[in-house]
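Keeping their order, the protein sequence lines are chains S and C.
Under this note's numbering, the first residue of the first sequence carries the number 1, and numbering increases by one thereafter.
Under this note's numbering, the first residue of the second sequence carries the number 1001, and numbering increases by one thereafter.
Down below is the structure, laid out as structure tokens.
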Amino acid sequence: MSEITPENQGVAVPVGIVGGGFAALIAYVVLRFRGVPAQNIRVFSADNSPGEAWLKMVQAIGQKTMRSESIGHFFPTDSPGLATLELFKKRSLKPIILSWFDQYRPTVESIIKHAHEIAQQVHFWQSLVPARIAHIRKTPDSFLLYNEKEELVARVNNVIIAVGHADPVLPEPVKKFKEMYPQDSRVNGAFDEKQVQPGHPYLVIGDGLSAATEWVRIIESGGCVIAVSQKGFQFGQPLTTPRRYMSKRGLGPFRRKQTGARCAELIQATCANIPLYTGWKKIFRQALAEGALHLIQGNVTDIQKDSTNKLDITVVRPGSEVPEIIEADQVIAATGFYPAIKNPLIAQLIQDYNLPIHDRFLVLKDDCCIEKLSTPGSFAAVLGHASAWAIPCADSFAGMKIGARKIADYVAGKESWNARELARKTNRWAALVFGKELV
Amino acid sequence: MTLATLHGRLQTKAVTYLLALTTALVFVLATGNSAYWSLFAVMAIVGLVLETVWGLVITHQPGWVAFVFALAEFGYTAALAAVLGIPVSLAAGATYYTVTWIVTQLIVIYLFPVWYTKWADDGREIW
């Protein structure tokens, strides 16, 4: 690590956002909306554009529409919903009516376009510093940010850590197979590039949105799915986490719980599940009836090649001691991500500052700040997946905004109903909605 | 979509009465019938009682439910106004209610989240 001297620390930037994905963009947009100038914010990211890493993942699983609804957007405010904007763009009442019934879901393509437009309007790229922050050090009144070569990149008064997910989980048998047969591309993680061939049986491990998206892609391509989940499949929840966590109505009782009970509720709330969109319901029902979809509760314990070069997958069902061998042409592991505390930057912070964790969660204050690293006038906060302790739906756009709006108060001051402030906000909101740049 | 707390429902409802009051003023001035003040008072009482009920019964309110609640609110308001003998015809009362409801909905849905960005996060609580 380079020596820190007052000379090389430079002048501290008021806010540093570490990470350049959607959570970073949302934090940036909210701060800009609250009147923080672009030159007072730096975004440290190796990615050129918000959504770049995310798009690769959703393209790999073939996801076309979002799980989020009309308010799942990058405006700093909940209004207008994407359905309202589409109503005016397409001159059709359909989006708004769908939204009244919580059935409106934007496309992946429209979200990427919207992210790009908003980023441009708020001058996101003006604040972007191309660097991957690997280490954060706390000083009494600021934070020092270092890159992977342990070179000092910047000093910031406040830091918002928005680093996204840790690495995807690969089950042991999948890892073992890939190590044994590195040239064999038939066993993959969900986010690896892969081809779907009609008529072939695919074994998909996992029970969340990625797994179900893979099922749909395979079924629609004429393939057959053997879906395996260790804990069984949970269908029907529209959003990733129950809706109640999107406001104080659910957050209040959750936050009032004792640590153990709060953790238990959080584990339950963030448990993988599969939405039953109108189209999907029909596809699943038909595939189940035609034998193109088999749901198996069990644990994949081994993957081997048989004498005909087919894949033999060993599955042990709960309560059974007899392993079952299932034949498939390909295996896809759609088993989610490691907990956020495994993200190298967060893991390093936990180790360096002995930050409290409970089960797999980083313990945060309800405003998403890390208590041990925050002092009056200099806070360290976390947004996105890693802030689930404060906001169970932290992995959603709505959850990211709840956190970002709280944090914004520490930088821009508390919101008031002062007429001048209301006018300023209305002007900025109108500028964003009508595609103009924020001054 | 609404995930309001009971306090949030009542606080937001109370604030929207400033709009309802303004609409009542416009109707009084336009028609010369001061009974719109009484109609506003009845609507305010019915509205607060119903919001309390909805707040206790409902956690998540999808958009379409707002129309059902509006119909219920108008029905009870009209009934109470008739019982109290407020001299406003059903058609005139319906016009007043509809105008007030539309203006209120537009401001609540589109502008409240702008003026106070944490309004929805705080379960529609304002203070």
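We put the beta carbon where it would ideally sit given N, CA and C, even for glycine.
The C-alpha of F233(S) lies about 21 Å from the C-alpha of T65(S). Secondary structure remark: continuous alpha helix (DSSP H) runs of at least 4 residues inside the stretch 136-211 of chain S, in chain order: 172-180. Counting C-beta pairs with one atom in each stretch, the stretch 1076-1084 of chain C and the stretch 1011-1028 of chain C have fewer than three that are closer than 8 Å, which means they do not touch.
Nearest CB-CB separation between I1109(C) and chain S: below the 8 Å threshold. Look at F361(S) here: in three-state DSSP terms it is strand.
Under the rule that a run must span 4 or more residues, the alpha helix (DSSP H) segments found entirely inside the stretch 27-110 of chain S read 52-61, 82-90 and 94-100. Residues of chain S whose Cβ lies closer than 9 Å to the Cβ of E1125(C) are, in chain order, K248. In the three-state scheme derived from DSSP, where H, G and I count as helix and E and B as strand, Q234(S) is classed as coil.
Under the three-state reduction of DSSP, A292(S) is assigned to coil, being neither helix nor strand.
Around the C-beta of E290(S), fewer than 16 other C-beta atoms lie within 10 Å, and the residue is accordingly described as exposed. Note on geometry: alpha-carbon atoms of D1122(C) and G1075(C) lie some 30 Å from one another. Around L422(S), the beta-carbon contacts reaching into chain C at under 7 Å are W1115. Using a CB distance cut-off of 8 Å, W1064(C) counts as an interface residue toward chain S. Between G413(S) and E52(S), the alpha-carbon positions lie close to 32 Å from each other.
Beyond the five residues adjoining it in sequence on each side, G1008(C) comes within less than 7 Å, by CB distance, of D1122, G1123, R1124 and E1125 in the same chain, given in chain order. In the structure shown, S416(S) falls within a coil segment according to DSSP collapsed to helix, strand and coil. Identification of residues in the stretch 91-118 of chain S having a C-beta nearer than 7 Å to some C-beta of chain C yields S99, W100, F101 and D102, given in sequence order. Where A333(S) is concerned, there is no enclosing alpha helix (DSSP H), although the beta strand (DSSP E) around it starts and stops at Q330 to A333. With the criterion set as a beta carbon lying under 8 Å from some beta carbon of chain S, the members of the stretch 1003-1021 of chain C are L1003, A1004, T1005 and G1008, in sequence order. With respect to the C-alpha of E421(S), the residue from H200(S), G35(S) and N40(S) having the closest C-alpha is G35(S).
Not a single C-beta of chain C is nearer than 8 Å to the C-beta of S374(S).
In this structure, the straight-line span from the alpha carbon of F75(S) to that of R428(S) is close to 11 Å. The beta carbon of E117(S) lies closer than 8 Å to those of G435 in the same chain, with the five residues before and after it left out. Using a Cβ-Cβ cut-off of 7 Å, A1120(C) is close to D78 and S247 of chain S, given in chain order.
Between the stretch 213-228 of chain S and the stretch 260-268 of chain S, the count of Cβ pairs shorter than 8 Å is below three; the stretches do not touch. Below the 9 Å Cβ cutoff, chain C contributes no neighbours of W389(S), its closest Cβ being approximately 17 Å away. Residues of the same chain with a CB within less than 7 Å of the CB of G1093(C), apart from the 5 flanking positions on each side, are L1039, A1078 and A1081 in chain order. For the stretch 1058-1090 of chain C, the residues whose beta carbon sits under 7 Å from a beta carbon of chain S are, in order, T1059, H1060, P1062, G1063 and W1064.
Bounds of the beta strand (DSSP E) holding D302(S) are N299 to K305. Among the residues of chain C, none has a CB under 9 Å from the CB of T240(S); the nearest is roughly 15 Å distant. About 6 Å separates the CB atoms of L438(S) and Q121(S); that is less than 8 Å, so the two are in contact.
Neighbours of T426(S) across chain C, judged by C-beta separation under 8 Å: L1111, V1114 and W1115. Per DSSP, C263(S) lies in no beta strand (DSSP E) segment; the continuous alpha helix (DSSP H) that holds it begins and ends at T259 to A269.
Scanning chain C for C-beta atoms nearer than 9 Å to the C-beta of E415(S) yields W1115, Y1116, T1117 and K1118, reported in chain order. The beta carbons of L311(S) and R132(S) sit no closer together than 8 Å. C-alpha of N157(S) to C-alpha of H200(S): approximately 56 Å in a straight line.
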